[in-house]
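Scroll down for the structure; my scribbles are underneath it.
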Amino acid sequence: MPVTLNILENIVRLAGEIALSHFNDLQNLEISQKSPRDFVTAADVAVEKFLQKELADKYPEYGFWGEESGKTEYQDQRWIVDPIDGTHSFAKGQYFWSISVALEIDGELIIGAVFAPALDDYYCAQKDKGAFKNGKKISVSNELDLANSMVGTGFACLRSYLEENNLERFGRIAQRTTGQRRFGSAAMDMCLVADGQIDAFWEQELNLYDIAAGALIVLEAGGTVTDFKGNNGIFPKQILASNGGILKELLTLM
Ligand code: IPD
Ligand code: CA
Ligand code: CA
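In structure tokens, the structure reads:
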């Protein structure tokens with residue numbers, strides 16, 4: 659059975675119900691630390707388990723890579739899954755967290771979905787078929803002036819105790835833009851670029867599962883996905899998504 663956006667949406671929305679059942683019972687949420695500044699909850703594990711089983715039942719031919727369970731043997735054609743992106747926000751009862759699912763076939767992203775159950779916002783894209791939010795086509799903003807732009811970022815680099823981190827870069831860029839946001843879910847940050855809600859997003863030290871689905875959604879919405887030097891591609895250690903219009907000026911500050 660071919661993978662379609664509708665079939666994937668049904669599965670991801672069911673995963674969203676599992677996530678919300680935990681989100682609506684936070685006083686009983688089991689939470690543990692994977693490493694300093696990195697949490698995992700029973701919701702992360704339950705959502706990933708559900709997605710791995712559902713996707714394997716429907717598409718046994720594909721491998722799976724989930725943040726919490728790791729990689730199955732077959733990885734040439736695989737699902738790339740972050741069951742809860744923004745776990746810390748989730749655990750604090752905030753609404754800005756998401757479920758991110760991407761299908762990668764021989765190194766190429768084919769389908770991506772990012773669902774924010776607490777906001778009931780569902781973003782998706784299929785290669786060469788556009789990007790959508792709640793069923794409506796979306797596109798990046800037409801902002802051309804960095805000085806008037808709103809940008810998003812994150813600080814995974816601090817979790818990795820990186821010497822060369824994002825603090826100075828953030829300060830430089832903050833002084834040359836109008837709005838700066840740190841929403842707490844990189845997968846959603848990418849979707850906000852695709853939807854024109856922010857004009858660019860960058861972060862260091864992520865993993866592919868944080869951004870795979872979001873990257874396809876940005877590209878299908880007419881945006882750019884590069885590293886901090888402007889090289890096109892998906893670089894989890896140095897990801898920069900933009901509307902294209904402010905990219906050249908932004909790169910001078912990266
Ligand atoms: C985190 C979120 C956050 C980013 C962190 C990620 P997680 O994902 O995407 O926005 O800044 O670096 O690890 O750990 O909650 O899945
Ligand atoms: Ca994540
Ligand atoms: Ca996660």
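Just add 658 to wherever you are in the sequence shown, counting from 1, and you've got the numbering used here. Ideal placement from N, C-alpha and C gives every residue a C-beta, glycine not left out.
CB-CB length for residue i against residue j, believed under 8 Å
i: Gly674; j: Pro741; result: Between Pro741 and Gly674 the Cβ distance is about 11 Å, and since that is not below 8 Å, they are no contact.
i: Asp764; j: Ser807; result: Their Cβ separation, rounded to whole angstroms, is 36 Å, which puts Asp764 and Ser807 out of contact at 8 Å.
i: Ile875; j: Ala789; result: 5 Å
Per-residue burial, residue i [other beta carbons within 10 Å of its own, 16 or more giving buried]
i: Ser900; result: buried
i: Lys791; result: buried
i: Ala805; result: exposed
i: Ser799; result: buried
i: Arg736; result: buried
i: Asn824; result: buried
i: Thr910; result: exposed
i: Gly724; result: buried
i: Leu908; result: buried
i: Glu762; result: buried
(request) Report yes or no: do the segment 772-789 and the segment 848-858 share at least 3 C-beta pairs separated by less than 8 Å? (result) yes
(request) Would you mind listing the alpha helix (DSSP H) stretches within the segment 855-883 that are 4+ residues and don't spill past its ends, in chain order? (result) If we require 4 residues or more, the alpha helix (DSSP H) runs fully inside the segment 855-883 come out as 866-878.
(request) Just list the alpha helix (DSSP H) runs in the segment 805-842, keeping only unbroken ones of 4 residues or longer that don't cross its boundaries, in chain order. (result) 814-817, 825-832
(message) Count Cβ pairs between the segment 827-847 and the segment 866-873 that sit closer than 8 Å; are there 3 or more?
(response) yes
(request) Could you say if the segment 679-688 and the segment 697-713 meet the contact criterion of at least three C-beta pairs nearer than 8 Å? (result) yes
(request) Run through the segment 697-776 for me and flag every whole alpha helix (DSSP H) of 4 or more residues, listed as ranges in chain order. (result) 700-716, 745-749
(request) Under 5 Å from any heavy atom of ligand 2, by CB: list those residues in chain order, please. (result) Asp740, Asp743, Asp868
(message) Does the contact criterion of 3 or more C-beta pairs under 8 Å hold for the segment 750-760 versus the segment 889-904?
(response) no
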